[in-house]
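In this note's numbering, the protein residues as written are 999 to 1474.
Glycine is no exception: its CB is placed at the ideal position from the N, C-alpha and C atoms.
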Ligand code: 5AD
Ligand code: SF4
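Structure below.
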C-alpha cells in the first residue's frame, strides 16, 4: 500500500476548475479514483498535481490501520491552514475514512466542505459543483451498493495494465478488520459485465488485467460458481496476456480455481493469500475460519497443482491475546511456507470492529514492534535466499515504468510478480507497457536487478506469457 497524488495528473477538461486528487490505501481506491476522474472530467474539471494551483483538493482515504487515518488527519491540518489564505479552495474526503466517520469528520474539520463514502464517489462531480456554487457542506454516505463501474478508456493511468473490479464489499467476520464496515456487504458483478469490460480494455491495448475484490476468490459463490470459471472465460480473450487477481481468502480456495490457475497460461504464477497468523488460537480469535495446519495444506495443494507458483502473505503482529508462543508459530509459518513476499503489520485496533468491542488490545506496543521486526527480519532472510538463487535466470517482465530521477532505470514484474529493476538504456522511453526478457544479475532481500536481453516490438503481437516461459528458459 502507498499513497500518492495522481502524478502526472490525468487528462482533464482544459480551462476547468483544477482538482488535486490524492489517493491513499489499496488498489480498490486507485480504481475508484480512476472512476472519479472520469466523472469529474465529464463535468468539466481539470486536474493538477500542485497544491498552489488547485481549486479543490480531494482525499481518497483508507481506514485499515490508525496510521493510514493519521496521515489524512495531518493532511487536513495543512489544508485547514491553506484554506485560511485561499477561502475558495474546496476540500473533500472520500473513501473508507469518510464512510467510517461520516458526520464526525465534518464536525471536527471546519475546513472540510464535503464527505462522500465508498458508494457515493460516482456523485463526486455534482457534490463538488454544489459545494462550489452554493458554499454548502455536504455529507453523502448512503450511496447505492450497486456502484456503477463506468470507466473511460481515455483516462486510464496505465496503457498496458488495468484493474477491474469483480466484487465490492466484504461479508467476512474477521474481528480485526474495518473493511466490512467501510465497504459494506459483498456484491459481485455478473460475468458478462466483467468480460465486456476486460474485452474493451484489451481492445484498447491493455495486456495485463488484475481482478479486484476484498475477497476476490469468493466471486460467484452465492450462485454456486467459482472465480476459476471467470479465469477460464477471460483466458479465451485474444490480446490479453496476463491475468492476476487480489486478494484471496484461504477459506475460499476451491478445486476449480486451483485447476484454472494451473490450466490458464495467462494466469500469473502468484497468489496473494494472507494467513494473518501462524497460530490456530489467534486465527480463531480473528475468526478467520481456518487453522494454521489447514493453511499449510492449501499452500501445499497450490504448489503441487501449479508448478512455480509463489504465495504472498499478510501477517499481523500482536493481535489481542497473542503470546510469545503464538508469535513463534507465525515465524514458523514463514519458514515453512517460504512466501515470496510478506507484508507484516502491527495490530491496530479499529473502532467498530468486533475485536475493538470484545477483545483486549493487551500486547504492549513495544512487544508488537519487536515481533514485527522479527517477522520482517526472518522474511528478509527468506527472500534474500530465494532472490540469490534467481541470479543468472532470464525472466520475462512487463515493463511498468522508470524511476523519476533516472528514467532509464526501468522496473517491471515477471509472471510470479517479482519486481525486477534494469537499465533500459537508450530505448528506455519506448519500453513502458512492453515485455522484455531480463537476466537477473544481482539480488538483495528487497530488489532483483537485471540487464535486458531482448525486448518485444509490440505487446499485442506476443503469445501468452507462460508460452514464453519455455523460450525464456532456453535463453537462460
Ligand atoms: N491492524 C493491523 N493490520 C490490519 N490489517 C487489516 N486490519 C488490520 C488491523 N486492524 C492488515 C491485514 C490485511 C491487510 C490489508 O492489512 O493483514 O490483510
Ligand atoms: Fe484501506 Fe481497506 Fe478501504 Fe482499501 S478497502 S482503502 S485497504 S480500508
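Check, Outcome
"Length-filtered (4 minimum) alpha helix (DSSP H) runs lying within the region 1072-1121", "1094-1099 and 1101-1106"
"Span separating the alpha-carbon of residue 1000 from that of residue 1022", "Since pLDDT at residue 1000 reaches only 46, below the 50 mark, its modelled position is unreliable, and no value is offered."
"Spatial neighbours of residue 1153 in its chain, beta-carbon cut-off 8 Å, leaving aside the 5 residues before and after", "1008, 1009, 1032, 1035, 1036 and 1039"
"Spatial distance of residue 1332 from residue 1077 (CA atoms)", "42 Å"
"Enclosing alpha helix (DSSP H) for residue 1375 [first to last residue]", "1363-1388"
"Endpoints, alpha helix (DSSP H) assigned at residue 1226", "1225-1233"
"Beta-carbon spacing of residue 1173, residue 1321 below 8 Å", "no"
"Three-pair Cβ contact test at 8 Å for the region 1334-1350 versus the region 1309-1324", "yes"
"CB of residue 1436 within 8 Å of CB of residue 1392, strictly", "yes"
"Under the three-state DSSP convention, the category residue 1256 falls into", "helix"
"Expected contact under 8 Å - CB spacing of residue 1346 and residue 1063 to nearest Å", "4 Å"
"Beta-carbon proximity check, residue 1098 vs residue 1200, cutoff 8 Å", "no"
"Identified DSSP bridge partners for residue 1450", "1436"
"Of the listed residues 1212, 1136 and 1206, nearest to residue 1178 (C-alpha basis)", "1212"
"Sequence-distant residues of the same chain with beta carbon closer than 8 Å to residue 1017, five excluded per side", "1010, 1038, 1043, 1044, 1045, 1046, 1052, 1053, 1054, 1055, 1056 and 1126"
"heavy atom of ligand 1 below 7 Å from residue 1309 C-beta", "no"
"Closer than 7 Å: residue 1418 CB and nearest ligand 1 heavy atom", "no"
"Buried or exposed (CB count within 10 angstroms, at least 16 for buried), residue 1143", "exposed"
"Every unbroken beta strand (DSSP E) inside the region 1233-1303 [3 residues or more]", "1240-1244 and 1268-1270"
"Buried or exposed (CB count within 10 angstroms, at least 16 for buried), residue 1459", "Because the pLDDT of residue 1459 is 43, which lies under 50, any placement of that residue in the model is unreliable, and the question is left without a value."
"Under the three-state DSSP convention, the category residue 1312 falls into", "strand"
"Host alpha helix (DSSP H) of residue 1356 (start-end)", "1352-1356"
"Beta-carbon separation (whole angstroms), residue 1453 vs residue 1434, contact threshold 8 Å", "4 Å"
"Cβ pair count under 8 Å reaching 3, the region 1287-1300 against the region 1247-1262", "yes"
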